[in-house]
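No gaps in the numbering here: position 73 of the sequence shown is 77 in this note's numbering, and each next residue is one more.
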Amino acid sequence: MTSPARLELDPAVVRRARALARQAAAPVVSIAKRHTTVSVERATLRLAGLAGADHERVPWVNHLVSTVRDQVGLEHGVTTPVYDALLRGEAPDLATLAQKASSGNVSFRLPTGREETAAKRAAARGVSVGLKRIDAARRTRERLVARLGDPKQSPWIYLIVATGDIHEDIPQAQAAAREGADVIAVIRSTGQSLLDYVPEGATREGFAGTYATQENFRLMRAALDDVSKELGRYVRLTNYASGLCMPEIAALAGLERLDMMLNDSMYGILFRDINPIRTFVDQRFSRQIHARAGIIINTGEDNYLTTADAVEAAHTVTVSQLLNERFAKEAGLEDWQLGLGHAFEINPDLPDSFRLELAHALLARELFPEAPLKWMPPTKHMTGDIFRGYLLDGFFNLVGAMTGQGILLVGMMTEAVVTPFLSDRDLALQNVRYVMNAAGGLAEDFHPPRDGFIQTRARQVLGEAVDLLERIVHDSDSAGDPPLLAAIADGTFGLMKRPPNGGKGLDGVVERAPGYDNPAITALDAGTPKPAQRHTAASAVTVKEVVNR
């Protein structure tokens, strides 16, 4: 992904930007390490093999975690009381225990002494089964890529296929791969991010998307494996690890060998009004799973430009990219896994809009030279004029070619008109193929003039990003919230104001007690870098203190 430096950015300014991002993230990481959530605990039980749902489609993991929380709390983690119950003979396995718990026929406790030690050891063995399965899935991907090969061209062509019916998605996804798509994204049904449970089984109904379930993951991965062998190249699969069940969906993705996952540190906060603390706790665990599974994450900075002006707010995209990078690396992700997002969303009627887009895209490329950046097509200013839209998508594709992007989401000329038909996707792929065939190597030749319009604009945006990070780090509110949480509450990103004591899912956040044990987190932390972080006084803030304000 590395490209020659063409913006001549000041290395000291770049270092300052990353140092400020680290400083802004540190108190939030500290909060995440001192709390758990119901979804983190459910994800841990899923790694231990608990699956399925009752006749009302309520997952067994929800029943079991809810019962443990009601009886003994989750402050010490769910696995110790659960495995203590198994060792005491309350049930022969997790599934039976969950079924009995749902009908009130199990008594949980917090064991002590040797019984506590035995329960923790049993829990570690149980959870290790899921982690070993994730490791095996990663090795399988590596073998398939070695045998079948990656796409010959860059960027990888990323196409959305989601009808609501997984059995209709499969032939459409295979057809898209045959027409040149390298990454198939199955977007989720509208509203799934607000469900505090993961649906079970193959689903045939959905709204503007298909439900993310373990069985849907398995079916689509198998179908893409078939078409990968047919085409002689490995076709990747993407879904969404966001919302109230981010940790669980991440775990299921790792188990079923998904290759990319939408996973942004702030998207759920800003655009789904999910509690900020719930989101940061959940995203750390989910990213640790992604790191272990070898999954590439895609972040959602493009969304900021749908609610804020793409020129005036360009620096907020850069700030978010730097924060996403910091949170990701703290969780163990490597540069090659950071599909940081940005978008072609400037009003096309604005003079020099194409030059501005070039400057912004090139800035992202040079700030993150080893990351497979995800370049997003125009949506906000698509009017329904499909001819104009097709031209805009062509310009978008050209910027991707000129700036060496890593992942290019295929734009649709029917954006804002209808859910794209197969014929729309075919024409959109033709647009991409033409531009990449005609100008795919243009990144090698394109060097903006020294101190010209593009270099000057990129340096301006980077400078504004540093200024904003300075304000975030040094300006905290009177309530004493960590500065980043205060900035989110003030509407700094995407003009959305989200206070740390509001939003959906806060009741699912639990402060860890001394002796808290989660064998999944223990195993994941063991493989996660723990760089020295400078903690501020704000890093001692707890959820209880935030709520009490």
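Built from N, CA and C at the ideal position, the CB exists for glycine as well.
So is residue i buried or exposed if we call it buried at 16+ other beta carbons inside 10 Å?
| i | result |
| --- | --- |
| Trp379 | buried |
| Phe211 | exposed |
| Val17 | exposed |
| His67 | buried |
| Ala493 | buried |
| Lys136 | exposed |
| Pro518 | exposed |
| Thr383 | buried |
| Phe400 | buried |
| Arg50 | buried |
| Asp14 | exposed |
| Gly304 | buried |
| Val562 | It is not possible to answer for residue 562, since the shown part of the chain is limited to 5 through 553. |
| Asp511 | exposed |
| Ser427 | exposed |
| Pro115 | buried |
| Gly117 | exposed |
| Ala150 | exposed |
| Leu11 | buried |
| Lys124 | buried |
| Val422 | exposed |
| Ala530 | exposed |
Starting from the C-beta of residue i, find all residues in its chain whose C-beta is less than 8 Å away, skip the five residues before and the five after it, and write them out in chain order.
| i | result |
| --- | --- |
| Arg145 | Tyr238, Arg261, Asp263 and Gly298 |
| Ala180 | Leu163, Val165, Ile188, Arg429 and Leu433 |
| Thr465 | As written in the sequence, residue 465 is Val, which differs from the Thr given in the question. For Val465, where only same-chain residues beyond five positions count, the Cβ hits under 8 Å are Ala318, His319, Thr322, Ala363, His364 and Leu367. |
| Leu101 | Leu68, Val86, Ala89, Leu90, Glu94, Ala95 and Val110 |
From what residue to what residue does the alpha helix (DSSP H) around residue i run?
| i | result |
| --- | --- |
| Met406 | Ile390 to Thr407 |
| Glu172 | Ile170 to Arg182 |
| Ile273 | Tyr271 to Arg276 |
| Met386 | That residue, Met386, is in no alpha helix (DSSP H); it is neither H nor E in DSSP. |
| Arg73 | Trp64 to Val76 |
| Asp449 | Leu446 to Asp449 |
In terms of alpha-carbon separation, which member of the options lies closest to residue i?
| i | options | result |
| --- | --- | --- |
| Arg282 | Gly507, Leu354 and Ala530 | Gly507 |
| Thr496 | Val414, Leu90, Glu468 and Met416 | Glu468 |
| Arg22 | Val323, Ala140 and Leu360 | Val323 |
| Leu488 | Leu11, Pro31 and Asp14 | Pro31 |
| Gly445 | Lys124, Leu199 and Gln157 | Gln157 |
| Ala314 | Ile300, Asp353, Asp479 and Ile278 | Asp353 |
| Leu190 | Leu198, Leu199, Ala227 and Pro159 | With the sequence shown as reference, residue 190 is identified as Val, and Leu is not the correct amino acid for it. It is Ala227. |
| Arg92 | Ala122, Ser107 and Asp74 | Ala122 |
| Gln341 | Glu474, Arg143, Asn328 and Asn351 | Asn328 |
| Ala57 | Ile458, Leu98 and Pro155 | Leu98 |
| Pro159 | Asp455, Pro486, Leu472 and Leu402 | Leu402 |
| Thr40 | Ala524, Pro523, Val513 and Leu241 | Val513 |
| Gly410 | Leu377, Gly53 and Arg125 | Leu377 |
| Pro452 | Ala443, Arg359, Asn302 and Ile476 | Arg359 |
| Asp74 | Glu60, Gly108 and Trp64 | Gly108 |
| Leu198 | Gly509, Glu515 and Asp529 | Gly509 |
| Ala141 | Arg129, Gly153, Arg225 and Val470 | Arg225 |
In chain order, what residues of the same chain lie with their CB nearer than 7 Å to the CB of residue i, ignoring the 5 residues before and after it?
| i | result |
| --- | --- |
| Ala335 | Arg288, Arg291, Gln292, Ala295 and Thr532 |
| Val72 | Leu78, Val82, Pro85, Val86 and Phe112 |
| Ala105 | His67, Leu68 and Thr71 |
| Gln196 | Tyr215, Ala216 and Gly247 |
| Pro503 | Ala493 |
| His539 | Residue placement at His539 cannot be trusted, given a pLDDT of 35 that sits under 50; what the coordinates show is reported in the next sentence. Answer for His539: Ala30, Pro31 and Ser34, listed in chain order. |
| Asp339 | Glu374 and Ala375 |
| Arg461 | Leu360 and Ala363 |
| Ile300 | Asp263, Met264, Gln341, Gly343 and Pro376 |
Ordered along the chain, which non-local residues of its own chain (more than five positions away) have a Cβ less than 6 Å from that of residue i?
| i | result |
| --- | --- |
| Gly258 | Ile138, Ile293 and Ala297 |
| Cys249 | Ser43 and Val202 |
| Gly498 | Leu274, Tyr308, Thr311 and Ala312 |
| Leu371 | none |
| Ser482 | Its pLDDT being 46, under 50, Ser482 is placed unreliably by the model, and the measurement read from it follows with that caveat. Once the five neighbours on either side are set aside, Ser482 has no close Cβ partner at all. |
| Met386 | Gly393, Glu419 and Ala420 |
| Gly272 | Ser246, Gly247, Ile278 and Thr283 |
Tell me the residue span of the beta strand (DSSP E) that contains residue i.
| i | result |
| --- | --- |
| His39 | His39 to Thr41 |
| Thr242 | Arg240 to Tyr244 |
| Ala57 | Ala57 -> no beta strand (DSSP E), and no H or E assigned at all. |
| Asn307 | Run containing Asn307: none; DSSP gives neither H nor E here. |
| Leu413 | Ile411 to Leu413 |
| Met265 | Met264 to Leu266 |
| Ile281 | Ile281 -> not in any beta strand (DSSP E); alpha helix (DSSP H) instead, spanning Pro280 to Ala297. |
| Met416 | That residue, Met416, is in no beta strand (DSSP E); it is neither H nor E in DSSP. |
| Met440 | It is not in any beta strand (DSSP E) - Met440 instead sits in the alpha helix (DSSP H) that spans Leu426 to Ala443. |
In chain order, what are the residue ranges of uninterrupted alpha helix (DSSP H) at least 4 long that sit wholly in the segment 176 to 225?
none
At what residue ranges does the segment 475 to 533 contain a whole run of the beta strand (DSSP E), taking only runs of 3 or more?
513 to 515
Which ranges would you report for the beta strand (DSSP E) in the segment 88 to 171 if only whole runs of at least 3 residues count?
160 to 164
Whole beta strand (DSSP E) elements within the segment 330 to 375, 3-residue minimum
345 to 347
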